[in-house]
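Q: Please find one structure pasted underneath; my questions will follow.
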Amino acid sequence: MKSWSPYVVLVVIVIALDQWIKQLVENGLAFQEKVDLLPFLALFRTYNTGIAFSMFQSFGDTGLVVIAVLVVAFVLYLATRTPAGHVVARIGFALIIGGALGNLIDRAVYGHVIDYILFHTPVWSFAVFNLADAFISVGAALVVFDELIGWGREAKPQDPGN
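Position 115, counted from 1, in the sequence shown is what the numbering used here calls 441; the numbers after and before it change by one each time, with no gaps.
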């Protein structure tokens, strides 16, 4: 378990930071009123009753909680099968798990996920998301990156004819 301790700590930090910021948003940001921070970035508190860009809303709270638990279990399974030397992937898995659990807490407690980050231009806007979603995305990118650099680490077979 000792080798997993830093990753468990990272998961706890991700969840705590996510939940703390969501509480600040809930207590200090008006519902669905845009607060521009930069020309392309705003705070905009809204609720996501689905998963990933509001998909699967028809599954209901229980169905979405079950899906989230299954995803976390699958990512945990993948993480436990990752060699200790793949630190980047393990950090990625910890970010994914922490972000997923942060959103799962919202769904279990409130029946929706609290979103508040909006990237936009005058004619286009990206889906509203939260820090947990960002952790999940960065974590997934780290896992993919580790896989790509892993391919470079593998020994290439030698041509026996040379």
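Backbone N, C-alpha and C define an ideal beta-carbon position, used for all residues, glycine too.
Check for me: the beta strand (DSSP E) holding I443 runs from which residue to which?
A: From DSSP, the beta strand (DSSP E) with I443 extends over V439 to F445.
Q: Taking the alpha carbon of P448 as the point to measure from, which residue in D362, V397, V395 and A420 has its own alpha carbon closest?
A: It is D362.
Q: For my contact list, K360 and L444 are in at a C-beta cut-off of 8 Å; report their separation, rounded to the angstrom.
A: Yes, K360 and L444 are in contact; Cβ-Cβ is about 7 Å, under 8 Å.
Q: What's the gap between the Cα of F419 and the Cα of W450?
A: Their backbone Cα atoms lie some 31 Å apart in a straight line.
Q: Quick one: is A481 buried, meaning 16 or more other Cβ sit within 10 Å of its Cβ, or exposed?
A: For A481, the predicted structure reports a pLDDT of 49, less than 50, and the residue's modelled location is therefore unreliable. A value from the coordinates is still provided. Flag for A481 reads exposed.
Q: Does the Cβ-Cβ distance between D432 and K348 come in under 8 Å?
A: Yes, these two residues count as a Cβ contact at 8 Å.
Q: Indicate the three-state DSSP secondary structure (helix, strand or coil) for A466 in the structure shown.
A: DSSP places A466 in helix when its eight states are reduced to three.
Q: Below 8 Å CB to CB, which residues in the same chain sit around I475 once its five sequence neighbours on both sides are set aside?
A: Excluding positions up to five away in sequence, the list reads V414.
Q: Per DSSP, which one or two residues make a beta bridge with V337?
A: Partner(s): none; V337 has no beta bridge.
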